[in-house]
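Here's the structure we're looking at; comments come further down.
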Amino acid sequence: MKGRFSHGGGAGALARGRLARYGADMTQSLPAFAQNARFDVCALGNAIVDVLAPCEPAFLEAKGLVPGSMQLVDETQSATLYDAMAAGVEASGGSAGNTVAGVGSFGGRAAYIGKVAKDTLGEVFSHDIRAVGVHFDTPVLEDGAGNGFGTGRCLINVTPDGQRTMCTFLGAANQLTTADVDAGVIGDSAIVYLEGYLFDPAPARAAFEAAAAAAHAAGRKVAITLSDSFVVHRWRAELLAFIESSADIVLANEGELHALFETEDFDHAAAHLGRIVEVAAVTRGAAGSVLFRGGERVEVAAYPVEKVVDTTGAGDQYAAGVLLGLSRGLSLAQAGALGSLAASEVIAHWGPRPMVGLKSLAVQHGLSL
């Protein structure tokens, strides 16, 4: 059963430049769903390694790629595109993986469930996510690399305006099943965060649904990110049905929201989403974000950055701040401010994960957990 949030704080606290402090002595101030949780957030997602490289718009046109899109490719297509890309950066990624890395950077407690193969990229992914303090023990796919299911990778071409166009080979990530859903970890997590990309492969979608059921059985909250407007177009009816029946929190960007409700009227679509879930958070790029809870609507400004270098991971890091804030009973304004700050950090450099500790950055801006 979906329940209601209890929360503390308010917009006034944000205006005074301080967020509610959290510690072992404040356990009783946590929302009911977060009581006795071992983890603030546990995420399920496609475990992939990101390959980021700069490109000109002409490169995308020559390769038949839609700017700003995400599309799935097979292993051969992935290899061909990789060979054509400029020199860039390889880093452990995946949308939900980036989010829990952000939670860890804020000083939160995070766990991750995702599938990698027993290969070099799998070792890189596992090392990197554990190095930022995230609990990760999903069994590896032992024979994946030799059977066309090596560790997944996302080829990301970034144009001079910072927009990213992604081509993803899921590989082993596509083999996540219900057997990989650790009910113990799920039950020990205040919020279980589900990556919308998992709607593409049927076995992963089943794992997605099993995790949501386990979370609610344990009295926890379920959050979902819509991930990409193309995902929403492919699975609109199924996503909407899942949201209405099983999601407590939804994170989306403006394009995904419009695709979900098949309208260009932002206020209408956002209000509709706010009515069917407990909390909705919608990002609008440089215009900031809008969060809803019941009849409450809060607009949060984007933190300014000198230059947008790469927008990869902006939504993922925004989700990290919002989810951690909600798990600790902060107001919408406070949670949104954390998300906005995290997004501003990641778009100022290459790569989808923070290069500066988000906890210390929050303190510098008068935002403390």
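The sequence shown: position 325 = 325 (UniProt numbering), numbered continuously. Glycine included, C-beta positions come from ideal geometry on N, C-alpha and C. Nothing here was measured: the structure is a model prediction, and the numbers come from that model.
Original post:
Between which two residues does the beta strand (DSSP E) carrying G152 extend?
Top reply: For this step, residue 152 is matched to residue 152 along the sequence shown. Run containing G152: 152-158, per the beta strand (DSSP E) assignment.
Subject >> Distance between A335 and A362 (C-alpha atoms, nearest Å) >> reply: Counting from one through the sequence shown, the residue named residue 362 turns up at place 362. Counting from one through the sequence shown, the residue named residue 335 turns up at place 335. Those two C-alpha atoms are separated by around 12 angstroms.
Original post:
Opposite R220 in the DSSP bridges: which residues?
Top reply: Here the question's residue 220 lines up with position 220 in the sequence shown. In DSSP, R220 forms no bridge with anything.
Subject >> Residues that DSSP places opposite Y193 in a beta bridge >> reply: Stepping through the sequence shown from its first residue, residue 193 is reached at position 193. Answer is A43, A223, bridged to Y193.
Original post:
My guess is that P67 and T165 are in contact by the Cβ rule of under 8 angstroms, so how many angstroms apart are they, rounded?
Top reply: By 1-based counting over the sequence shown, the position of residue 67 is 67. By 1-based counting over the sequence shown, the position of residue 165 is 165. Yes, they are in contact, since the Cβ atoms of P67 and T165 sit about 6 angstroms apart, within 8 angstroms.
Original post:
Going straight from the alpha carbon of N157 to that of Q35, what length do you get?
Top reply: Along the sequence shown, read from residue 1 onward, the residue named residue 157 stands at position 157. Along the sequence shown, read from residue 1 onward, the residue named residue 35 stands at position 35. Each residue's alpha carbon lies about 42 angstroms from the other.
Original post:
What are the start and end residues of the beta strand (DSSP E) that includes L72?
Top reply: The count along the sequence shown starts at 1 and reaches residue 72 at position 72. Looking at the DSSP string, the run of the beta strand (DSSP E) that includes L72 is 70-72.
Original post:
Between P139 and K118, what straight-line distance do the alpha-carbon atoms span, to the nearest angstrom?
Top reply: Counting from one through the sequence shown, the residue named residue 139 turns up at place 139. Counting from one through the sequence shown, the residue named residue 118 turns up at place 118. Straight-line Cα distance between these residues: approximately 10 angstroms.
**OP:** Counting only the same chain and skipping the five closest in sequence on each side, list residues whose C-beta sits under 8 angstroms from that of V232.
**Re:** Against the sequence shown, residue 232 aligns to sequence position 232. Here the set comprises G196, L226, L239, E256, A259, L260.
Original post:
When the Cα of R220 is compared with those of V51, I347, S327, which residue comes out closest?
Top reply: In the sequence shown, residue 220 corresponds to position 220, counting from 1. Selected option, being the one with the closest Cα: S327.
Original post:
Taking Cβ positions, are S105 and V134 nearer each other than 8 angstroms?
Top reply: In the sequence shown, the residue the question calls residue 105 occupies position 105. In the sequence shown, the residue the question calls residue 134 occupies position 134. Not closer than 8 angstroms, so no.
Original post:
Are the beta-carbon atoms belonging to F149 and G122 less than 8 angstroms from one another?
Top reply: Against the sequence shown, residue 149 aligns to sequence position 149. Against the sequence shown, residue 122 aligns to sequence position 122. The answer is no: Cβ separation not under 8 angstroms.
**OP:** Would you tell me roughly how many angstroms separate the C-alpha atoms of A214 and T80, rounded to the nearest one?
**Re:** For this step, residue 214 is matched to residue 214 along the sequence shown. For this step, residue 80 is matched to residue 80 along the sequence shown. The straight-line gap from Cα to Cα measures roughly 41 angstroms.
Subject >> Supposed contact pair G94 and G45 - C-beta distance, whole angstroms, cut 8 angstroms >> reply: For this step, residue 45 is matched to residue 45 along the sequence shown. For this step, residue 94 is matched to residue 94 along the sequence shown. Yes, G45 and G94 are in contact; Cβ-Cβ is about 5 angstroms, under 8 angstroms.
**OP:** Check whether the stretch 100-116 touches the stretch 309-321, counting contact only when three or more Cβ pairs, one atom from each stretch, lie closer than 8 angstroms.
**Re:** yes
Subject >> Pick from N253, P160, Q175, A286 that is closest to E142, judged by C-alpha positions >> reply: The residue you call residue 142 lines up with position 142 of the sequence shown. Answer by Cα proximity: Q175.
**OP:** Given a cut-off of 8 angstroms, decide if A43 and A91 are closer than it, judged by their beta-carbon atoms.
**Re:** Walking along the sequence shown from the start, residue 91 turns up at place 91. Walking along the sequence shown from the start, residue 43 turns up at place 43. Cβ distance not < 8 angstroms, so A91 and A43 don't count as in contact.
**OP:** Look up S289 in the DSSP assignment and say whether it is helix, strand or coil.
**Re:** As a working note, residue 289 is residue 289 in the sequence shown. S289: strand per DSSP, three-state reduction.
Original post:
What's the C-alpha gap between F39 and G325?
Top reply: Counted from its first residue, the sequence shown places residue 39 at position 39. Counted from its first residue, the sequence shown places residue 325 at position 325. One C-alpha to the other measures close to 13 angstroms.
**OP:** Out of D188, S368, L72, state which residue places its alpha-carbon closest to the alpha-carbon of F33.
**Re:** As a position in the sequence shown, residue 33 is number 33, starting the count at 1. The candidate whose alpha carbon is nearest that of F33 is D188.
Subject >> Pairwise C-alpha distance: E254 and V282 >> reply: Position 282 of the sequence shown, counted from the start, is the residue given in the question as residue 282. Position 254 of the sequence shown, counted from the start, is the residue given in the question as residue 254. So the two alpha carbons sit approximately 6 angstroms from each other.
Original post:
Distance, Cα to Cα, A302 vs A111?
Top reply: Numbered from its first residue, the sequence shown carries residue 302 at position 302. Numbered from its first residue, the sequence shown carries residue 111 at position 111. About 28 angstroms.
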